[in-house]
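Just so you know, numbering that gives the first Met the number 0 puts 220 at position 221 of the sequence shown, and the rest follows in order with no gaps. Note that the Cβ used here is the ideal one computed from N, Cα and C, for glycine as well. A short write-up of the structure that comes next.
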Amino acid sequence: MMKDYALVADIGGTNARFALSHNDVLDSNSIQVLACDDYENLDAAFSAYLKAQNITVDEACLALACPISEDISMTNNHWAFNCQSMQEKLGLESFKVINDFTAQALALPALKDNELIKVGRGESLQHATRLIIGPGTGLGVAGLKEVGEHWLPLPGEGGHAALSAVSDLDIAVLQELRKASDFIYWESILCGSGLESLYRAHSVLAGDNNTLRDFEITRQALAGEKVAEQTLEHFCELLGRAASNAALTLGARGGVYIAGGIIPRFTEFFAESKFREAFETNVKMVDYLQQIPTYLVVAENPGLIGASGALHNPLV
Numbered sequence: 000m001m002k003d004y005a006l007v008a009d010i011g012g013t014n015a016r017f018a019l020s021h022n023d024v025l026d027s028n029s030i031q032v033l034a035c036d037d038y039e040n041l042d043a044a045f046s047a048y049l050k051a052q053n054i055t056v057d058e059a060c061l062a063l064a065c066p067i068s069e070d071i072s073m074t075n076n077h078w079a080f081n082c083q084s085m086q087e088k089l090g091l092e093s094f095k096v097i098n099d100f101t102a103q104a105l106a107l108p109a110l111k112d113n114e115l116i117k118v119g120r121g122e123s124l125q126h127a128t129r130l131i132i133g134p135g136t137g138l139g140v141a142g143l144k145e146v147g148e149h150w151l152p153l154p155g156e157g158g159h160a161a162l163s164a165v166s167d168l169d170i171a172v173l174q175e176l177r178k179a180s181d182f183i184y185w186e187s188i189l190c191g192s193g194l195e196s197l198y199r200a201h202s203v204l205a206g207d208n209n210t211l212r213d214f215e216i217t218r219q220a221l222a223g224e225k226v227a228e229q230t231l232e233h234f235c236e237l238l239g240r241a242a243s244n245a246a247l248t249l250g251a252r253g254g255v256y257i258a259g260g261i262i263p264r265f266t267e268f269f270a271e272s273k274f275r276e277a278f279e280t281n282v283k284m285v286d287y288l289q290q291i292p293t294y295l296v297v298a299e300n301p302g303l304i305g306a307s308g309a310l311h312n313p314l315v
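Laid out in structure tokens, this is it:
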């Protein structure tokens, strides 16, 4: 391989996905997934990947599932480092570190039609702000704005905004959840562990006290088990409401994109759920919301695509 390759990575709590980027475009053939627990720190995994690829690089961009500062401490694994010290240790001329949902947002302009599933009506306004929201291990929320020839990511912590209960069912579930915590935020229910909490609340309301893992809930829901199906339907409805709130706040006339690892497990169920109905539900802004398109992202490695797009973006 030539010198003009850079390294990109998408690093979570369990796995670190490494790849090479050429002219800011992801080389999908170079993707390798390494288990974070197998390496003492980033530099060990970084070096192992480059050795396997038989290449050296001068530039890297890492998307990390944690708050970004000069001193990095991964939220769900043991890796921790100072960015300046790590850059020197790795011998890099350029070392860019971004949040994982910043990378997800930056991937949007590069996604192909077959990597998106449109849910409901609406058409994007050209050059308008976009919103990406995604339930996975947590709930990520970010915006994306076109500025000249570049894209400006708008990172935030919208997953920690307070949950807004609207229906009687919302209120009943909220009351049940408040037995464990006084403050319920969107990520309390719109993530993998949140789906489990939502199921427990629905089970109690049904007169039982059952618990299931998130993948068991989706499997049983798709098989028609009543409580699991009601839970998954409510999950999709609440996601629609959270996305609607964020779209109104951001003015996301460029479209709303649903990412994360949970929804792609049940794309048909999601498309037929109350997600879009909840997204459009409002008093004064129904017409506004109806015009905003919503898409499910089904791309394989959007974090790596976004990290590639961030390499030489002066706004990142």
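Contact set for residue i: own chain, Cβ-Cβ below 7 Å, skip 5 residues either direction
i	result
G48	Looking at the sequence provided, one finds Tyr at residue 48 rather than Gly. Here the set comprises F17, Q31 and L33.
A15	A8, L33, C35 and A44
A109	I304 and G308
E279	V285, L288 and Q289
K247	It should be noted that the sequence gives Leu, not Lys, for residue 247. So the qualifying residues of the chain are M284.
E92	D57 and E58
Contacting residues, own chain, Cβ-Cβ under 6 Å from residue i (five flanking each side not counted)
i	result
A277	E236, G239 and R240
K88	D42
L6	V56 and A59
Y198	L211, I216 and T230
Test item: CB-CB of residue i and residue j under 8 Å
i	j	result
G302	D9	yes
S68	Q52	no
I131	L107	yes
V118	F265	no
Q290	G121	yes
A62	N98	yes
G305	L105	yes
A164	L173	yes
T74	G12	yes
P292	S123	yes
Local Cβ density within 10 Å of residue i, reported as buried at 16 or more and exposed below that
i	result
V315	buried
F100	buried
A206	It should be noted that the sequence gives Gly, not Ala, for residue 206. Classification for G206: exposed.
G158	buried
K225	exposed
K111	exposed
V296	buried
G133	buried
S84	exposed
N113	exposed
G259	buried
L19	buried
Residue i versus residue j - alpha carbon distance
i	j	result
G223	S72	42 Å
E232	E299	25 Å
D70	K95	13 Å
V255	P66	23 Å
Y294	H311	27 Å
V344	L168	Residue 344 lies beyond the stretch modelled for the chain, which goes from 0 to 315, so this question has no answer here.
N208	S202	6 Å
F269	C190	15 Å
C4	I216	Checking the sequence shown, residue 4 turns out to be Tyr, not Cys. Taking the straight line joining both Cα atoms gives about 43 Å.
A171	K178	12 Å
F182	D57	46 Å
Y38	K50	14 Å
P152	T230	33 Å
M1	A102	With a pLDDT of 45 at M1, under the threshold of 50, the modelled position of this residue cannot be trusted, and the question is left open.
E271	L115	16 Å
N281	S46	52 Å
V185	I54	It should be noted that the sequence gives Trp, not Val, for residue 185. So the two alpha carbons sit approximately 43 Å from each other.
G250	A127	8 Å
P313	Q86	19 Å
A79	N40	7 Å
A64	G137	9 Å
V24	E148	16 Å
G90	E156	33 Å
F234	R129	22 Å
Contacting residues, own chain, Cβ-Cβ under 8 Å from residue i (five flanking each side not counted)
i	result
N81	E69, D70 and I71
S187	L162, L176, S180, G193 and S196
D213	G191, S192, L194, E195 and I261
Helix, strand or coil at residue i according to DSSP, with G and I counted as helix
i	result
E58	strand
W150	strand
K111	coil
L63	strand
P263	helix
V296	strand
Q31	strand
M0	A caution first: M0 carries a pLDDT of 40, below 50, which makes its placement in the model unreliable, though a value can still be read off. Three-state DSSP puts M0 in coil, outside helix and strand.
I188	coil
H233	helix
H126	coil
P134	strand
H311	coil
D36	helix
V24	strand
A141	strand
L19	strand
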